[in-house]
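Peer 1: Numbering (UniProt numbering), first residue to last: 1 to 260.
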Amino acid sequence: MIQETSLNQHSSLYIYTDQNSYEPLARIDKRGNDPEKVMYFHTDLNGAPEELTDENGKILWECSFQLWGKRIHEIEHEPIKQNLRYQGQYLDRETGLHYNTFRYYDPDIGRFTQPDPIGLLGGLNLYQYAPNGLTWIDPWGWACIPNKKAGMKREQRAKDILEKRYGKKNVLSERYLRDNKGKSVKDPLTGERRRIDFVVKGQDGKWRPVEVTSRTGALNKGPQIAKEERIREAGGVFVKNKNTGQLIQLDDVSTVIGVK
Numbered sequence: 001m002i003q004e005t006s007l008n009q010h011s012s013l014y015i016y017t018d019q020n021s022y023e024p025l026a027r028i029d030k031r032g033n034d035p036e037k038v039m040y041f042h043t044d045l046n047g048a049p050e051e052l053t054d055e056n057g058k059i060l061w062e063c064s065f066q067l068w069g070k071r072i073h074e075i076e077h078e079p080i081k082q083n084l085r086y087q088g089q090y091l092d093r094e095t096g097l098h099y100n101t102f103r104y105y106d107p108d109i110g111r112f113t114q115p116d117p118i119g120l121l122g123g124l125n126l127y128q129y130a131p132n133g134l135t136w137i138d139p140w141g142w143a144c145i146p147n148k149k150a151g152m153k154r155e156q157r158a159k160d161i162l163e164k165r166y167g168k169k170n171v172l173s174e175r176y177l178r179d180n181k182g183k184s185v186k187d188p189l190t191g192e193r194r195r196i197d198f199v200v201k202g203q204d205g206k207w208r209p210v211e212v213t214s215r216t217g218a219l220n221k222g223p224q225i226a227k228e229e230r231i232r233e234a235g236g237v238f239v240k241n242k243n244t245g246q247l248i249q250l251d252d253v254s255t256v257i258g259v260k
């Protein structure tokens, strides 16, 4: 959701924490010729809004949820509707379902109402939202990914471990798969790029891709690895060394490691 408008000339513009995030940061409302009104989101661990405040910190809206997004109570301190829910979701107040781009999510049962549009590529359970509602998100409604907040902490721990073992110059982080001309390659199925968590140079001189996840999340990396394999088949078998600018060829898909 970037912006929504109504027939009475009321519009709401949404700002997110960064260009690749679905976690809301602020909302700018404007009605006709009235001055813009800036409000700020306060989210939980998983990026779901819990409060909306004005520029002075006054709470305008607040809501508490159960683990899988079921609403416990919602309070509007001012006449304002706040419909953002889990990252990438928008509440349909008529049905109580959350619009999740490619399908609808039912917070009362913590599952999607339609099967995954990409089938088993999204996981074995076609209706599951995620293995854990606190540390995973599914902003498009077809493949869950680790929540950025938890993922960043885990990746930093993994980076420290890898750099201590192999040396800083032999550990590259967040590298996109590219072709032999250096152009990033997209998945033919989803149109998405594939960013490798780490590329590590071993003692044998070979560079290998490494994917980091929680110790309980390794089994849910299947869709990401499947995407990586499709991109490799399309020619995306290189990454760029950010220190030298040279291309590095990767001979295999990512090794998945679990980090606490």
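Ideal Cβ positions, reconstructed from N, Cα and C, are used throughout, including at glycine. A quick note: this is a predicted structure, and the numbers were derived from the prediction, not measured.
1. Between Gly202, Met1, Asp179, Leu45, which has its C-alpha nearest lysine 153's C-alpha?
2. Does DSSP put alanine 158 in a helix, a strand or coil?
3. Less than 6 Å between C-beta atoms, sequence neighbours within five positions excluded: which residues of the same chain meet that for threonine 113?
4. Roughly how many angstroms separate the alpha carbons of threonine 5 and threonine 101, rounded to a whole number?
5. For the beta strand (DSSP E) containing isoleucine 72, name the first residue and the last one.
6. Where does the unbroken beta strand (DSSP E) through isoleucine 231 begin, and where does it stop?
7. With distances taken from CA atoms, which of Phe65, Phe41, Arg71 is nearest isoleucine 59?
8. Taking 7 Å as the cut-off, decide whether the C-beta atoms of leucine 172 and valine 185 are in contact.
9. By the DSSP assignment, the beta strand (DSSP E) with threonine 43 in it spans what residues?
10. How far does the beta strand (DSSP E) with lysine 206 in it extend, from its first residue to its last?
11. Comparing alpha-carbon positions, which option in Trp142, Met1, Thr190, Leu52 lies nearest valine 38?
12. In this structure, how does DSSP classify lysine 240 when only helix, strand and coil are distinguished?
13. Report yes or no: do the stretch 223-234 and the stretch 185-196 share at least 3 C-beta pairs separated by less than 8 Å?
14. Express the C-alpha separation of aspartate 34 and lysine 120 in angstroms, rounding to a whole number.
15. Can you have a look at proline 49 and say buried or exposed, based on whether 16 or more other CB atoms are within 10 angstroms of its CB?
16. Does asparagine 20 pass the burial test, meaning 16 or more other C-beta atoms within 10 Å, or should it be called exposed?
17. With DSSP collapsed to three states, give me the class of arginine 103.
18. Looking only at its chain, what residues have a beta carbon closer than 7 Å to the beta carbon of lysine 70, apart from the 5 residues adjacent to it on each side?
Peer 2: Inspection of the coordinates gives the following:
1. Of the listed residues, the one whose Cα sits closest to lysine 153 is Leu45.
2. It is helical.
3. The residues are Tyr104, Asp106.
4. Put simply, the backbone Cα of threonine 5 is about 18 Å away from that of threonine 101.
5. For isoleucine 72, the uninterrupted beta strand (DSSP E) run begins and ends at 71-76, by DSSP.
6. Where isoleucine 231 is concerned, there is no enclosing beta strand (DSSP E), although the alpha helix (DSSP H) it sits in stretches over 222-233.
7. When each option's Cα is compared against that of isoleucine 59, the closest is Phe41.
8. Between leucine 172 and valine 185, the gap from beta carbon to beta carbon reaches 7 Å or more.
9. It spans 37-43 - the beta strand (DSSP E) in which threonine 43 sits, taken as one unbroken run.
10. Under the DSSP assignment, lysine 206 falls outside any beta strand (DSSP E); it carries neither an H nor an E label.
11. Among Trp142, Met1, Thr190, Leu52, the Cα nearest to that of valine 38 is on Leu52.
12. In the structure shown, lysine 240 sits in a strand (DSSP, three-state: E or B).
13. Three or more Cβ pairs drawn from the stretch 223-234 and the stretch 185-196 lie within less than 8 Å of each other, which places the two stretches in contact.
14. Sequence inspection shows leucine at residue 120; the lysine mentioned does not correspond to that position. Just so you know, the alpha carbons of leucine 120 and aspartate 34 end up roughly 50 Å apart.
15. Buried, because 16 or more other Cβ atoms sit within 10 Å of the Cβ of proline 49.
16. Result: exposed.
17. Reduced to three states, the DSSP call for arginine 103 is coil.
18. Pro107, Asp108.
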